[in-house]
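What follows is the structure in structure tokens.
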């Protein structure tokens, strides 16, 4: 089970600090040139379509434009790392009626079909494979989406529409989808909870991604591992006031080895980036511990 850190142009460059870092990059305009600026390259890469961004800018970009953004990122990456390319999906956010929800599933499948044809025209490198996005608002619609993607010939799948579901329902969906497509071919988009990560390890799911280290850092919070816990920086104005921290704890992350006080500095965005590197270190360490406990590694 591999952990991909979600990356955007304003985030810390995690692979510059960690050699075994896998990254997910969304193919939105601001991220187009990002990987060219990395000192080191990620171990593996998922190039997401940036569906949430494009759903907020309807009609501005065509499907071929988005694929061109993805191809530019591919050309900027080493040819010897595995890259998975994610077709454009239609998010279920703000879809209220049954008709709107089913329309999102149909648009996702239409985009998947179009991507297959565009990829055949593009003659992409051999290290690039395509990932089909599973969208569904209930189990019947999820099963329908999987069935149609399989008919198109997809071998790798990413399970979407998880962010709005409560943790217990997320686990339910992961288990059900794993039984259909198999754990070796399944990626889980945007699931961050420790309990869900434990369940994914039990299921031996191939991979998942998270932006949690960056999001938590932005809200003036820090992770520590063994056991995994979250602290709020005491000088911040974050409303959650339990588990405060005013002095850094013992830590061997790249930031704390240099200057541990940097992770508690809330004065500038550069310190937020350092804090996210610290958070990544402890989340990745916790994930490794979970995998060891579940016998995955």
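Residue numbers (our numbering): 1301 to 1597. The C-beta atom is built at its ideal place from N, Cα and C for all residues, glycine as well.
Contact check, residue i vs residue j, beta carbons under 9 Å
| i | j | result |
| --- | --- | --- |
| residue 1480 | residue 1428 | no |
| residue 1456 | residue 1487 | yes |
| residue 1431 | residue 1458 | yes |
| residue 1303 | residue 1461 | no |
| residue 1508 | residue 1323 | no |
| residue 1422 | residue 1386 | no |
| residue 1433 | residue 1351 | yes |
| residue 1475 | residue 1311 | no |
| residue 1496 | residue 1470 | yes |
| residue 1374 | residue 1347 | yes |
| residue 1445 | residue 1409 | yes |
| residue 1437 | residue 1395 | yes |
Neighbourhood of residue i by C-beta distance below 8 Å, restricted to the same chain and skipping five residues each side
| i | result |
| --- | --- |
| residue 1528 | 1494, 1582, 1583, 1586 |
| residue 1336 | 1376 |
| residue 1320 | 1343 |
| residue 1467 | 1493, 1495, 1496 |
| residue 1464 | 1392, 1393 |
Cα-Cα separation, residue i to residue j
| i | j | result |
| --- | --- | --- |
| residue 1500 | residue 1515 | 22 Å |
| residue 1567 | residue 1533 | 12 Å |
| residue 1570 | residue 1313 | 12 Å |
| residue 1565 | residue 1535 | 9 Å |
| residue 1261 | residue 1544 | The question about residue 1261 has no answer, for the chain in this structure spans 1301 to 1597. |
| residue 1413 | residue 1420 | 11 Å |
| residue 1498 | residue 1379 | 33 Å |
| residue 1513 | residue 1492 | 10 Å |
| residue 1443 | residue 1520 | 40 Å |
| residue 1411 | residue 1485 | 20 Å |
| residue 1364 | residue 1591 | 39 Å |
| residue 1540 | residue 1589 | 27 Å |
| residue 1334 | residue 1309 | 6 Å |
| residue 1415 | residue 1407 | 12 Å |
| residue 1359 | residue 1381 | 33 Å |
Other residues of its chain near residue i: CB distance less than 7 Å, five sequence neighbours each side excluded
| i | result |
| --- | --- |
| residue 1483 | 1503, 1504, 1505, 1506 |
| residue 1316 | 1338, 1339, 1340 |
| residue 1575 | 1517, 1522, 1563 |
| residue 1560 | 1548, 1551 |
| residue 1306 | 1324, 1509, 1510, 1511 |
| residue 1546 | 1534 |
| residue 1489 | 1458, 1459, 1460, 1462, 1509 |
Cβ neighbours of residue i in the same chain (closer than 6 Å, five flanking residues each side left out)
| i | result |
| --- | --- |
| residue 1318 | none |
| residue 1553 | 1578, 1581 |
Closer than 8 Å: residue i CB and nearest the ligand FAD heavy atom
| i | result |
| --- | --- |
| residue 1557 | Ligands displayed in this structure: none; no statement on the ligand FAD is therefore possible. |
Check your understanding: Counting pairs of Cβ atoms below 8 Å between the region 1388 to 1408 and the region 1345 to 1356, do you hit three or more?
Key -> Yes: the two stretches touch, three or more of their Cβ pairs being nearer than 8 Å.
Check your understanding: Would you call the region 1356 to 1375 and the region 1318 to 1333 touching, i.e. three or more CB-CB distances under 8 Å?
Key -> Counting Cβ pairs under 8 Å, three or more are found: they touch.
Check your understanding: Do the region 1518 to 1537 and the region 1396 to 1410 make contact, defined as three or more Cβ pairs closer than 8 Å?
Key -> By the Cβ test, the region 1518 to 1537 is not in contact with the region 1396 to 1410, since fewer than three Cβ pairs between them sit closer than 8 Å.
Check your understanding: Which full runs of the beta strand (DSSP E) of 3+ residues lie inside the region 1407 to 1462, going along the chain?
Key -> 1428 to 1434, 1456 to 1459, all fully within the region 1407 to 1462.
Point to revise | Unbroken stretches of the alpha helix (DSSP H), 4 residues or longer, contained in the region 1350 to 1406 | key: Taking only runs of at least 4 residues, the alpha helix (DSSP H) segments lying wholly in the region 1350 to 1406 are 1351 to 1355, 1363 to 1376.
Point to revise | 3 or more residues per run - each beta strand (DSSP E) lying fully within the region 1508 to 1587 | key: Within the region 1508 to 1587, the complete beta strand (DSSP E) runs of at least 3 residues are 1521 to 1524, 1529 to 1533.
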